[in-house]
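Residue numbers (my numbering), protein chains in the order written: chain A, 1 to 240; chain B, 241 to 480.
There are 2 protein chains.
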Amino acid sequence: MTETQAKYQEVAGCLRNEIRHGGYTVGQQLPLEKELCEMYGVSRTTVKRAVDVLVAEGFVVKRRGAGTFVKALDRGIVQHLNQEKQFGGFTEYYAGYDIGTKVLHYAVVHPTEEVARLLMIEPDDFVYDISRLRLVSGKPIVVEYTQMPLKRIPELPKDVLNHSIYRYLENELGLRIQSAHRRLRAVMPTGEEKELLGIEGRMPLLEVTQTAFLADGLPFEYSISRHRGDKMVYRVVSIR
Amino acid sequence: MTETQAKYQEVAGCLRNEIRHGGYTVGQQLPLEKELCEMYGVSRTTVKRAVDVLVAEGFVVKRRGAGTFVKALDRGIVQHLNQEKQFGGFTEYYAGYDIGTKVLHYAVVHPTEEVARLLMIEPDDFVYDISRLRLVSGKPIVVEYTQMPLKRIPELPKDVLNHSIYRYLENELGLRIQSAHRRLRAVMPTGEEKELLGIEGRMPLLEVTQTAFLADGLPFEYSISRHRGDKMVYRVVSIR
DNA sequence: GAGTGGTCTAGACCACCCC
DNA sequence: GGGTGGTCTAGACCACTCG
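Okay, here's the thing in structure tokens:
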């Protein structure tokens, strides 16, 4: 079953493929918006939206008065752009690999004041309190500390923790994850984390603190992920 | 001189202020798009664009069939959203603080093969090779290693290095910075970096590797910034 | 079923780049 | 000055949510 797509998504997809597979090469000017309208049989508004998708993904730049140009990107990087939606967290990020999970801790507790504030709940509400070690090909990669309000996730079977919580929320509970606010820092592992992650000597961790939101605008997750510094690179394309 | 703004920017600004200063509170539904059209005297397309700005900034969520809602965000976080454009680099990030710069190294060299590839130049082209220590209130915060092709930045007076290179490029050379592709990692400092950054004991660094692009789509900078882990937090809002 | 935001159109005018 | 992308409009139809 192929999803029905909006026209602008289809046009964006075509252009993306052309760029990726060399139809339009690095530094080259794209056809004018007017020409793209004719080529794809759509209005100019639709073409503009399509091209804006590629701008956001980092493939092209638009210059008023001049045209639209493929960014001068290294071929290797072109392939990686737009690969990682950075949602679905760990499971999606490492899709295709041999993923393992070890549940370290699973309880229901009251949140700290700070977490209650960030999750927009009361300190005497309850949250799931979960710690998991995630592995790729049997090797530990990241420790995740997750808190989710029972208020918003009424049910969370223990078995789910061994797989993707996000997938469960979306597929089983029908909840739609809308956005995430993240903060990244470099930290040192605790003694326990060194052991869990199999770190000998000195290795820093990339810590990602995340508040994630459902489609209704309410936060449903506060989590801290601490990744082995040698295994995690976080990519961002930022447009002016 | 107030800049002339697009209507959708103005409307977005109004809504942003309302949210920040409590006119619309957390979790609340915004007026319908049709109502906003009347309130601001603009077309629906313009309202949609305005609201889309706020979605991208992380303030609100839109739900087809339901409405637009202010995200349930902690007040402290609401204030910080959309503060940091993350361009202009260090100088803009710490605007208002007492900033210092110590130039460690300034030369013209050939790039490595990798850097040549990323900057889309030839290995026998030349690049500025700059190392700087940046300080806030006299305290060292970050070491920056920067390479820029002479091809694209024909002139770079030594004096500029003591201030903001970006500001020089924009204001003096009239170059417009369009986007940046970044990779973030956690690393340990070298012995030299420990000394430069005044680190005693174990402290990790947040490394930001950046390729930055001008408006013409050509890369003009490859840089590696290594920030004291206790001073740098990188924020991202990511939308599905 | 009523009402929401999502997509799309055709056309207009404007700001900017470049020759 | 000719041509680019940027903004804006008015109107149409659609997909989805919710009572």
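Virtual Cβ for every residue (Gly too), placed ideally from N, Cα, C.
- Message: On the criterion of 16 or more Cβ atoms from any shown chain inside 10 Å, does lysine 398 of chain B qualify as buried, or is it exposed?
- Response: Translated into the one-based positions of the second sequence, residue 398 of chain B becomes position 158. It counts as exposed.
- From histidine 345 of chain B to tyrosine 385 of chain B, what distance separates their C-alpha atoms? As a position in the second sequence, residue 345 of chain B is number 105, starting the count at 1. As a position in the second sequence, residue 385 of chain B is number 145, starting the count at 1. For histidine 345 of chain B and tyrosine 385 of chain B, the distance between alpha carbons rounds to 9 Å.
- Message: With DSSP as the reference, identify every bridge partner of serine 377 of chain B, one or two as the case may be.
- Response: In the second sequence, residue 377 of chain B corresponds to position 137, counting from 1. Paired residue(s): none; serine 377 of chain B is not in a bridge.
- When burial is assigned at 16 or more other CB atoms within 10 Å of the CB, is threonine 352 of chain B buried or exposed? In the second sequence, counting from the first residue as 1, residue 352 of chain B sits at position 112. Threonine 352 of chain B should be labelled exposed.
- Extent of the continuous alpha helix (DSSP H) to which threonine 45 of chain A belongs: Along the first sequence, one-based indexing puts residue 45 of chain A at 45. Run containing threonine 45 of chain A: 44-57, per the alpha helix (DSSP H) assignment.
- Message: Strictly below 7 Å CB to CB, what residues from chain B border lysine 71 of chain A?
- Response: The residue labelled residue 71 of chain A in the question sits at position 71 within the first sequence. Within chain B, the residues near lysine 71 of chain A are Phe453 and Gly457.
- Could you please give the first and the last residue of the uninterrupted beta strand (DSSP E) stretch that includes glycine 340 of chain B? Translated into positions along the second sequence, residue 340 of chain B becomes position 100. Run containing glycine 340 of chain B: 339-349, per the beta strand (DSSP E) assignment.
- Given 8 Å, three or more beta-carbon pairs between the stretch 226-237 of chain A and the stretch 272-289 of chain B: no
- Query: Residues bridged to threonine 308 of chain B by DSSP?
  - Reply: Along the second sequence, one-based indexing puts residue 308 of chain B at 68. According to DSSP, threonine 308 of chain B bridges with B/Lys302.
- Message: Taking only three categories from DSSP, how would you classify glutamate 113 of chain A?
- Response: Locating residue 113 of chain A in the first sequence gives position 113, counting from the first residue. DSSP places glutamate 113 of chain A in helix when its eight states are reduced to three.
- Cβ-based burial, methionine 360 of chain B [other Cβ within 10 Å; buried from 16]: Residue numbering aside, residue 360 of chain B sits at position 120 when the second sequence is read from its first letter. Buried: at least 16 other Cβ atoms inside 10 Å.
- Let me know the secondary structure DSSP gives alanine 12 of chain A once reduced to three states. Residue 12 of chain A sits at position 12 when you count from the first residue of the first sequence. If DSSP states are grouped into helix, strand and coil, alanine 12 of chain A belongs with the helices.
- Message: Closer than 8 Å is the cut-off here; do at least three beta carbon pairs connect the stretch 285-303 of chain B with the stretch 205-218 of chain A?
- Response: yes
- Message: According to DSSP, is arginine 240 of chain A part of a helix, a strand, or is it coil?
- Response: Along the first sequence, one-based indexing puts residue 240 of chain A at 240. Correct three-state label for arginine 240 of chain A: coil.
- Message: Which same chain residues end up closer than 7 Å to arginine 423 of chain B when comparing Cβ atoms and leaving out the 5 residues on each side of it in sequence?
- Response: Here residue 423 of chain B refers to the residue found at position 183 of the second sequence. Excluding sequence neighbours, arginine 423 of chain B sits near Thr449.
- Query: Which bits of chain A does isoleucine 479 of chain B rub up against, with CB to CB less than 9 Å?
  - Reply: The residue you call residue 479 of chain B lines up with position 239 of the second sequence. Gln178, Ser179 and Ala180, listed in chain order.
- Task: Let me know the secondary structure DSSP gives isoleucine 393 of chain B once reduced to three states.
- Result: As a position in the second sequence, residue 393 of chain B is number 153, starting the count at 1. Coil at isoleucine 393 of chain B, not helix or strand.
- Message: Is there a C-beta anywhere in chain A that falls below 8 Å from the one on proline 444 of chain B?
- Response: As a position in the second sequence, residue 444 of chain B is number 204, starting the count at 1. Taking Cβ atoms only, chain A reaches closer than 8 Å to proline 444 of chain B, which makes this a yes.
- Item | Span separating the alpha-carbon of glycine 27 of chain A from that of arginine 117 of chain A | What you label residue 27 of chain A is simply residue 27 of the first sequence in a count that begins at 1. What you label residue 117 of chain A is simply residue 117 of the first sequence in a count that begins at 1. Near 48 Å, if we compare the C-alpha coordinates of arginine 117 of chain A and glycine 27 of chain A.
- Item | Amino acids of chain B, ordered along the chain, whose beta-carbon sits closer than 8 Å to that of tyrosine 187 of chain A | For the purposes of this step, residue 187 of chain A is taken as residue 187 along the first sequence, with counting starting at 1. Looking at the sequence itself, residue 187 of chain A is valine, so the reference to tyrosine does not match. Those are Ala426, Pro444 and Gly469, listed as they occur along chain B.
- Message: Need the endpoints of the alpha helix (DSSP H) that isoleucine 405 of chain B sits in, please.
- Response: Residue mapping note: residue 405 of chain B aligns to position 165 of the second sequence, counting from 1. Taken as a continuous stretch (DSSP letters only), the alpha helix (DSSP H) holding isoleucine 405 of chain B covers 405-411.
- Task: Using DSSP bridges, identify the partner residues of histidine 227 of chain A.
- Result: Counting from 1 along the first sequence, the entry for residue 227 of chain A is found at position 227. BP columns for histidine 227 of chain A point to A/Val142 and A/Leu206.
- Item | Cα-Cα separation, histidine 21 of chain A to arginine 75 of chain A | Start at 1 with the first residue of the first sequence, and residue 21 of chain A comes out as number 21. Start at 1 with the first residue of the first sequence, and residue 75 of chain A comes out as number 75. Distance between the alpha carbons of histidine 21 of chain A and arginine 75 of chain A: 10 Å.
- Task: Measure how close the beta-carbons of arginine 132 of chain A and threonine 101 of chain A come, nearest whole angstrom, since I'm counting them as under 8 Å.
- Result: Within the first sequence, the letter at position 132 stands for residue 132 of chain A. Within the first sequence, the letter at position 101 stands for residue 101 of chain A. Right, their Cβ atoms sit about 6 Å apart.
- Within chain B, partners of glycine 58 of chain A - CB distance below 7 Å: Indexing the first sequence from 1 puts residue 58 of chain A at position 58. Simply Ser419 and His421.
- Item | Amino acids of chain B, ordered along the chain, whose beta-carbon sits closer than 8 Å to that of glycine 27 of chain A | If you number the first sequence from 1, residue 27 of chain A lands on position 27. Residues of chain B passing the Cβ test: Met360, Gly457 and Leu458.
- Item | Any non-hydrogen atom of the ligand GDP within 7 Å of lysine 274 of chain B CB | Although the ligand GDP was asked about, the structure shown includes no ligands whatsoever.
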